[in-house]
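Notes follow once the structure below has been shown.
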Amino acid sequence: MRFGVPGLPDHQLTVLRSDGTTTVYVGSISSDDQTLTFTDVDLEIPQDGSWSVMWVCVSATADTPPGPTSVQFTIGDLVSPSTTIEVV
378 MRFGVPGLPD HQLTVLRSDG TTTVYVGSIS SDDQTLTFTD VDLEIPQDGS
428 WSVMWVCVSA TADTPPGPTS VQFTIGDLVS PSTTIEVV
């Protein structure tokens, strides 16, 4: 898997705001191209028990095995997998 699509790297995190608009944050990619890091992201979570919708752009490389996979979001010490990504 890679962030973005061939020829067009996408090092962005998009957060869906409660009013339906989106906010885009540009991140930095690790030297092994496996981790995107973002700072000062407003997750639009107004209170305990609220949730946030966010996404990054990924695509499969030629050596990505077919089948289900996911990416992982880490916020502080909390970890959450993305929805399932089906590689075909």
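Going by this note's numbering, the letters in the sequence shown line up with residues 378 to 465, in that order.
Built from N, CA and C at the ideal position, the CB exists for glycine as well.
Predicted model, so just to flag it, every value in this text is computed and none were measured.
Residue span of the beta strand (DSSP E) that contains residue i, given as start and end
| i | result |
| --- | --- |
| F466 | Nothing about residue 466 can be reported from this structure: the residues present for the chain run from 378 to 465 only. |
| E463 | I462 to V464 |
Through-space distance from residue j to residue i, alpha-carbon basis
| i | j | result |
| --- | --- | --- |
| T414 | W428 | 20 Å |
| D454 | G384 | 33 Å |
| T441 | V465 | 9 Å |
Of the listed residues the options, nearest to residue i (C-alpha basis)
| i | options | result |
| --- | --- | --- |
| E421 | A437, D387 and G397 | G397 |
| V418 | I406, Q424, V401 and P443 | V401 |
| G381 | D410, G426 and R394 | D410 |
Test: residue i CB closer than 7 Å to a CB of chain D
| i | result |
| --- | --- |
| S405 | Note that chain D does not occur in the displayed structure, where there is just one protein chain. |
Handout entry: the stretch 386-394 in contact with the stretch 424-442 per 3-pair CB rule at 8 Å
Key = Note that the stretch 386-394 touches the stretch 424-442; at least 3 beta-carbon pairs, one per stretch, sit closer than 8 Å.
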